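Have a look at the structure below before the remarks.
In the numbering used here, the protein residues as written are 56 to 894.
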């Protein structure tokens, strides 16, 4: 039988190996033929035929199997080097799995070439197989060593460029953009530089950081993702839990001082139970003596008029927005609701919006207070109804809660509540993220979202097209736009502005000008005059792709920043990835089948289209940090595509995609209660199409992304010129493996990340954000990670820095995030140097 008297265990093993090779070869041959048919690479078909032939020779235990597969492997390496050079991540699917197969064939040599070989051929002769096997393993080891050294050398991070020249000034306590020992607003101050002048923790001692206290909020809802950044004023931290429980902690010990539960219910949760932060406000004549915040809003600069005034209930107050669309005001000392604010300490922002389905209107970001006016937007649940609740922006009196004005872009000139029986204009763009405030100019800068129905534009009104995906400066005294700057025209890509903009004093040839730095999901960073909205750095109109389901809606051009972009070059078939040639081939087929013409590829319904960058950025709600004295921007970013398709209404209904509140919804519907990602089956009711987004463009079985790593990075940028100083891969693979199995490998793969950073004057960047559940300290001059700690849950939040009792603290909320697939948690964690190292 098969040319042998008897078959031993080794014979059966090699025959089984032959079957494996044959099966892999068949898959590659069929898939490779398909890829060629859609215009892709010929490699997979040819490799598949080679594997089929190798498998047949292995099955009959012929030595030619080894030589044939060795030829296939050598040609594979040559092809891989031709396609991607020494790019380490790109070589993984091209070479790693074929190399493993080579090792298996080498291990089979003793069976293929026994001492008494009855198949005498020019290839094998009468030789013992074991020496040849050992020689084969030795050659493979040499190849792996040389390849490893070459790839490692070629993929070393680029050295950091020079830091900006001096000339950005020195810390100035009188500067309203600068934070001091406290952290009185979400971004440090309303200017949102996320920069601390503290220097106690530095490059030399950061390795000694230790956890000094931990507080548990006791709040982990099903759709978790707290995203909270505490405030610190005086000796107290103020924060909110995922479900809007207000909490005050002792800044030194982390012990609870008080808490207040506004009673938000689970049915009010939109995509995620998130409360990014709260607002601190003190009446100017009654600023608490313990407050050490600078003159920047929200803490007004004033001396304490009297002990009696400082102790008056709600002279200092904490304000938060809730998931069910309320503003809550409580006494900062006691947590007792402010009786003078609205109705018993709360205001319902949904007045004038008509009937609102629970979860459709939520405040997930802290409002801002400028010149005594609380300015708030709100999240409108994406993808549900074209006639969704209005995105109206509202201003309320910070003391009484009285409505000062409402900016409803569909009712120009009208600033009050709608007449009886009417509502604010339905479906208009909303502002769900964090605004920036300018106390001196009396402006609030609103990063606007999109109209309801993100992926279809034909029925949008002119005012929607004007203000959607734009930075709008609102005058807090009138409630009317002072100016606006649009980053996308006719947005059908969900490229709403998610990042809080940052106020800076920007050096120009004409002197230092008041400016605002605006990051976008597309990766562009714009620098604008914050008085007028005029660009201070070049912006270019470039031709945009045409076509799609609404060809008459696609604009001829789109704006691009020439100052700086975080975006990478357009995708090609060669950028597709996987753990093996098979899943890479599948991704290459998907790439070739999809519509893709670079950024702003028009949405299609007859086939999928590729959106790159995806809707998670670029830069998202974590924003950027700026060292105003070194003149450096720190921006972490995502680098993943989406794989989208518009789904015709009839097909969407057949799939059971109905909007929130529709009685036809089943519990398993993506918007009826499960944990699907945003856009993964959004009905867009009232439009001709629903939307299906493969967020991150994942393979169906391994759950790996189709684009090759990295998937996230962090970059230092020269504030004056937009030059990249350094760019580093951000996030390891320790929690991200095939089939959702943690790899526990500290490989810098670069992961998706949500959350931002904070910079200290000592030259450190502190950031978590990535999906590996690590918090890091990064040297601002080199981009090198100089300290890290494993968090108990996902760190999808912005950290903050403060000083208390002569000791510097780093605090972060570890709530995790169900969309990011990080571990859920409720911990607020404080780090500091050991007592012996302080001073």
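Cβ atoms here follow ideal geometry from the backbone N, Cα and C, with glycine treated the same way.
What you are looking at is a predicted structure, and each value in this text was computed from that prediction instead of being measured.
When the Cα atoms are used, what is the spatial distance from residue 354 to residue 244? Its pLDDT being 41, under 50, residue 354 is placed unreliably by the model, and nothing is read from it.
Under the rule that 16 or more other beta-carbon atoms within 10 Å means buried, what is residue 754, buried or exposed? buried
Compare the C-beta of residue 710 with all C-beta atoms of chain C and state if any pair is closer than 9 Å. No chain C is part of this structure, which consists of one protein chain only.
To the nearest angstrom, report how far apart residue 360 and residue 368 are at their CA atoms. Here residue 360 scores only 34 on pLDDT, less than 50, and its place in the model should not be relied on; the value that follows carries that caveat. When rounded, the distance between both Cα atoms is 15 Å.
Starting from residue 203, trace the beta strand (DSSP E) in both directions and tell me its first and last residue. No beta strand (DSSP E) holds residue 203; the alpha helix (DSSP H) holding it covers 184-209.
When the Cα of residue 641 is compared with those of 64, 100, 73, 77, which residue comes out closest? 100
Let's test the definition: count the other Cβ atoms within 10 Å of the Cβ of residue 589 and tell me whether it reaches 16, buried, or not, exposed. exposed
Does residue 398 pass the burial test, meaning 16 or more other C-beta atoms within 10 Å, or should it be called exposed? exposed
Classify residue 91 as helix, strand or coil using the three-state DSSP reduction. helix
Count Cβ pairs between the region 271-291 and the region 320-334 that sit closer than 8 Å; are there 3 or more? yes
Residue 381 versus residue 481 - alpha carbon distance: 19 Å
May I ask you to report which of helix, strand or coil DSSP gives residue 583? strand
Reference residue 540, options 521, 300, 405, 547, closest by Cα: 521
Could you tell me which whole beta strand (DSSP E) segments of length 3 or greater appear in the region 641-706? 664-666, 680-682, 687-693, 697-703
Using three-state DSSP, classify residue 572 as helix, strand or coil. strand
Contact belief for residue 765 with residue 694 at Cβ below 8 Å, rounded distance in angstroms: 6 Å
I'd like to know if the region 666-683 and the region 247-262 are in contact, where contact means that at least 3 CB-CB pairs between them fall below 8 Å. yes
Which same chain residues, not among the five before or five after residue 926, have their C-beta less than 6 Å away from its C-beta? Shown here, the chain extends from 56 to 894; a query on residue 926 therefore has no answer.
Spell out the partners DSSP gives residue 295 in its beta bridges. 301
Helix, strand or coil for residue 812, going by three-state DSSP, please let me know. strand
Would you mind giving the Cβ-Cβ distance between residue 715 and residue 436, rounded to the nearest angstrom? I have them listed as a contact below 8 Å. 6 Å
Given 8 Å, three or more beta-carbon pairs between the region 845-860 and the region 284-294: yes
Check this for me: beta carbons of residue 772 and residue 873, under 9 Å apart or not? no
Counted within 10 angstroms of its Cβ, other Cβ atoms place residue 858 as buried (16 or more) or exposed: buried
Among 464, 548, 512, 571, which one has its Cα closest to the Cα of residue 493? 571
Assuming residue 122 is part of the alpha helix (DSSP H), what are its boundary residues? 119-139
Quick one: any contact between the region 302-318 and the region 265-277, if contact means 3 or more CB pairs under 8 Å? yes
Cβ-based burial, residue 391 [other Cβ within 10 Å; buried from 16]: exposed
What is the residue span of the beta strand (DSSP E) that residue 147 lies within? It is not in any beta strand (DSSP E) - residue 147 carries neither H nor E in the DSSP assignment.
Who pairs with residue 740 in a beta bridge, going by DSSP? 440
Taking only the alpha-carbon atoms, compute the straight-line gap between residue 779 and residue 770 and give it to the nearest angstrom. 7 Å
Assuming residue 870 and residue 885 make a contact with CB atoms under 8 Å, what is their CB distance in whole Å? That pair is no contact at about 16 Å.
Residue 417 versus residue 296: straight-line alpha-carbon distance, rounded: 15 Å
Is the beta carbon of residue 69 closer than 9 Å to that of residue 113? yes
DSSP on residue 590, reduced to helix/strand/coil? strand
With C-beta atoms as the reference, is residue 784 less than 9 Å away from residue 810? no
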